[in-house]
Amino acid sequence: MDESMETILHDNVLPINKWRVLFHIQTYLYRFEYYFDLFNNQNISKNDNLNQAETNFSIKKNFKQSNETFKQENNDSYSISNIKHVQNGLEELIDENNDYLFRWKRKKLKYNYIDNHKRKNYCNEYPSQLKGRIFDENSTFPNVSLYEIEMNYSNIRPGGQWSPSSCLARHKVAIIIPYRDRLEHLVTLLYYLHPILQRQELDYKIYVSEQIGNGTYNKGVLMNAAFIYASSEYDFQCFVFHDVDLIPEDDRNMYSCPIFPRHMSAAVNEMNYKLTYEELIGGVLNIRTEHFLTVNGYSNLYWGWGAEDDDLYYRLKDVSLKVLRPPSSIARYKMLQHTKRTPSVWNKRAKLLYSAAKRYSWDGVSSARYNLTSVTAYPLFTHIIVDVGLPPPGFS
120 MDESMETILH DNVLPINKWR VLFHIQTYLY RFEYYFDLFN NQNISKNDNL
170 NQAETNFSIK KNFKQSNETF KQENNDSYSI SNIKHVQNGL EELIDENNDY
220 LFRWKRKKLK YNYIDNHKRK NYCNEYPSQL KGRIFDENST FPNVSLYEIE
270 MNYSNIRPGG QWSPSSCLAR HKVAIIIPYR DRLEHLVTLL YYLHPILQRQ
320 ELDYKIYVSE QIGNGTYNKG VLMNAAFIYA SSEYDFQCFV FHDVDLIPED
370 DRNMYSCPIF PRHMSAAVNE MNYKLTYEEL IGGVLNIRTE HFLTVNGYSN
420 LYWGWGAEDD DLYYRLKDVS LKVLRPPSSI ARYKMLQHTK RTPSVWNKRA
470 KLLYSAAKRY SWDGVSSARY NLTSVTAYPL FTHIIVDVGL PPPGFS
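Just so you know, we're using this note's numbering here: the sequence shown kicks off at 120 and counts up by one.
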């Protein structure tokens with residue numbers, strides 16, 4: 120690796136162990152703030168309407184006390200100290216009343232949550248509605264629009280989120296799609312992916328991470344940035360990093376969270392449905408959140424196309440995380456046609472791969488440098504636009 124690159128990355132980069140602690144603290148604080156606001160904005164009004172008598176009783180009781188206090192103070196001299204005393208007494212009573220309401224509503228929300236979950240059982244690990252092979256290598260894809268997909272799947276919540284209503288999902292999954300200039304491929308993937316994930320009865324959300332501008336592509340930064348943002352939104356158990364041009368052929372290839380990292384696209388039609396080399400984990404990779412953090416995610420150093428997935432393989436190998444693969448009869452994907460790209464600046468990539476196991480403690484999701492330009496919740500996915508900056512000399 121160039122000494123200048125190593126110097127740049129070492130500056131102001133926390134050790135991965137410390138960064139993981141701060142990352143968890145930050146995400147939990149963000150989620151607490153989100154759910155607290157949601158509780159105040161939605162559940163308070165609902166509980167007020169359902170239990171108006173109880174809250175009115177508490178309010179009337181405290182206002183009666185406040186009136187008696189005011190009358191008592193009014194009989195004394197109208198000194199400034201007495202007026203302040205009355206004001207303080209009223210503030211204390213109001214605070215007491217608000218505290219009572221908050222505790223009562225929190226308890227009510229807890230009971231409602233328990234009651235709702237008592238009515239549901241956990242979903243099956245392998246749901247009965249799975250179809251198996253959806254199409255084969257000779258099948259053609261329909262010409263559909265995003266609008267048509269939205270109309271067919273109106274049950275999807277804004278941002279591309281869905282969970283089963285008849286049972287409790289066993290797995291909370293984030294699908295991350297690194298993207299650039301392939302709208303037709305994205306539409307086709309969403310057309311097949313949403314119904315598959317729903318038949319598998321997953322609690323899932325789809326994120327499309329797009330690099331802004333026409334600069335040198337950095338897939339690793341895009342995936343790291345999407346991981347950080349998605350983690351701040353929800354407590355996902357695993358992440359599926361999904362190439363936009365790979366369409367699953369069989370819905371028995373489960374997107375549920377695996378015990379070890381799962382390379383799901385082990386059999387691709389363009390490769391004659393064979394695994395070309397052992398280190399290959401690109402295409403579609405399913406990895407648990409804690410495992411992704413253990414290896415510090417993807418490297419940020421691979422500018423251009425190729426090798427960032429192989430780098431992740433060596434990281435996983437260094438920490439003894441075995442990569443699992445479904446049977447090739449199930450782990451089948453069809454690659455959409457596109458212009459083939461050759462790996463960029465291969466001599467530099469080879470040097471980076473050689474040092475993959477040594478770099479992951481300081482090169483990865485903990486050191487990703489980018490600007491989050493915008494986040495938009497579309498009906499079928501959450502669109503994240505990322506500015507990854509400029510590559511170092513020699514990688515443009």
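Where is the CB? At the ideal position from N, CA and C, for every residue including glycine.
Checklist entry - Tell me the DSSP bridge mates of Ala349? => result None; Ala349 has no bridge partner.
Next on the checklist: Measuring alpha carbon to alpha carbon, tell me which residue in Leu312, Glu320, Tyr421 is nearest Ile366.
Outcome noted: Ranking the options by Cα distance to Ile366, first place goes to Leu312.
Next on the checklist: Threshold first: 3 residues or longer. Then list the beta strand (DSSP E) segments lying entirely within the region 276-358, N to C.
Outcome noted: Qualifying beta strand (DSSP E) stretches, in chain order: 291-298, 322-330.
Item to check | Straight-line Cα distance separating Lys393 from Asn415 | outcome: Approximately 29 angstroms, taken between the alpha carbons.
Checklist entry - So does the region 393-407 actually touch the region 272-283, counting three or more Cβ pairs closer than 8 angstroms? => result The region 393-407 vs the region 272-283: no contact.
Next on the checklist: Checking 9 angstroms against the spacing of the C-beta atoms, do Arg381 and Leu412 come in under that value?
Outcome noted: No. Outside cutoff.
Checklist entry - So, do the region 316-335 and the region 499-512 have three or more beta carbon pairs nearer to each other than 8 angstroms? => result Yes, the region 316-335 touches the region 499-512.
Next on the checklist: For the beta strand (DSSP E) containing Ala487, name the first residue and the last one.
Outcome noted: Unbroken run through Ala487: none, as it is neither H nor E.
Next on the checklist: Please state the DSSP three-state secondary structure of Asp369.
Outcome noted: Three-state DSSP puts Asp369 in a strand.
Checklist entry - Quick one, which of Lys453, Arg434, Met373 has its alpha-carbon nearest Gln74's? => result Here the chain has residues from 120 to 515 only, and residue 74 is not among them.
Checklist entry - Helix, strand or coil: how does DSSP classify Val140 here? => result Note: Val140 maps to helix in three-state DSSP.
Checklist entry - Any idea which residues DSSP pairs His410 with across the strands? => result When beta bridges are read from the DSSP output, His410 appears opposite no residue.
Next on the checklist: Measuring CB atoms only, is the region 341-361 touching the region 293-304, in the sense that at least three cross pairs come out at less than 8 angstroms?
Outcome noted: Yes, they touch.
Checklist entry - Cβ of Val387 within 9 angstroms of Cβ of Tyr323? => result Judged by their CB atoms, Val387 and Tyr323 are not nearer to each other than the 9 angstroms cut-off.
Next on the checklist: Suppose you measure from the CA of Ile406 to the CA of Val263; what does that come to, to the nearest Å?
Outcome noted: One C-alpha to the other measures close to 31 angstroms.
Next on the checklist: So for Met270, helix, strand or coil by DSSP?
Outcome noted: Looking at Met270 - three-state DSSP - the assignment turns out to be helix.
Checklist entry - Are at least three pairs of beta-carbons, each pair with one atom in the region 273-280 and one in the region 495-502, less than 8 angstroms apart? => result Yes, since at least three Cβ pairs between the region 273-280 and the region 495-502 fall closer than 8 angstroms, the two stretches touch.
Checklist entry - CB-CB under 6 angstroms to Tyr421, same chain, minus the five flanking residues each way: which ones, in chain order? => result Excluding the 5 residues flanking it on each side, Tyr421 has same chain C-beta neighbours closer than 6 angstroms at Gly339, Glu427, in chain order.
Next on the checklist: Let's test the definition: count the other Cβ atoms within 10 Å of the Cβ of Phe500 and tell me whether it reaches 16, buried, or not, exposed.
Outcome noted: By the neighbour-count rule (16 or more Cβ atoms within 10 Å), Phe500 is buried.
Item to check | For Ala386: DSSP bridge partner residues | outcome: Here Ala386 is bridged, per DSSP, to Arg451.
Item to check | Arg434 - DSSP class collapsed to helix/strand/coil | outcome: Reduced to three states, the DSSP call for Arg434 is helix.
Next on the checklist: Any heavy atom of the ligand MG closer than 8 angstroms to the beta-carbon of Gln330?
Outcome noted: Judged by which ligands are present, the structure shown has none, so any question about the ligand MG falls away.
Item to check | Closest residue to Glu269 among Asn240, Lys250, Thr307 (Cα-Cα distance) | outcome: It is Thr307 whose Cα lies nearest to the Cα of Glu269.
Item to check | C-alpha gap between Leu309 and Ser375, whole angstroms | outcome: Each residue's CA atom was taken as its position, placing Leu309 and Ser375 some 17 angstroms apart.
Next on the checklist: Run through the DSSP bridge pairs and tell me what Asn405 is partnered with.
Outcome noted: Val359, Arg381, per the DSSP bridge assignment.
Checklist entry - DSSP three-state call for Asp506: helix, strand or coil? => result When DSSP states are grouped into helix, strand and coil, Asp506 belongs to the strand group.
Item to check | Nearest-angstrom beta carbon gap, Ala344 and Tyr489 [assumed within contact, 8 angstroms] | outcome: The C-beta distance from Tyr489 to Ala344 rounds to 5 angstroms, short enough to meet the 8 angstroms contact threshold.
Item to check | Inter-residue Cα distance where the pair is Gly251 and Leu509 | outcome: Taking C-alpha positions only, Gly251 is separated from Leu509 by approximately 44 angstroms.
Item to check | Cβ neighbours of Glu187 in the same chain (closer than 8 angstroms, five flanking residues each side left out) | outcome: In this predicted model, Glu187 has a pLDDT of only 48, less than 50, meaning its place in the structure is not dependable enough to derive any value.
Checklist entry - Exposed or buried, Leu148, counting other C-beta atoms within 10 Å across all chains shown (16 or more means buried)? => result Residue environment: Leu148 is assigned as exposed (fewer than 16 neighbouring CB atoms within 10 Å of its CB, all protein chains considered).
Checklist entry - According to DSSP, is Arg444 helix, strand or coil? => result Reduced to three states, the DSSP call for Arg444 is coil.
Item to check | Cross-strand partners of Val263 (DSSP beta bridge) | outcome: BP columns for Val263 are empty, so no partner.
Checklist entry - Leaving out five residues before and five after His410 in sequence, what residues of the same chain have Cβ atoms less than 8 angstroms from its Cβ? => result Only Phe379, Pro380, Leu435, Leu440 meet the Cβ criterion.
Checklist entry - Helix, strand or coil: which one does DSSP assign to Tyr72? => result Shown here, the chain extends from 120 to 515; a query on residue 72 therefore has no answer.
Item to check | Member of Asn391, Ile315, Ser384, His304 whose CA lies at the smallest distance from the CA of Ala450 | outcome: The shortest Cα separation from Ala450 among Asn391, Ile315, Ser384, His304 belongs to Ser384.
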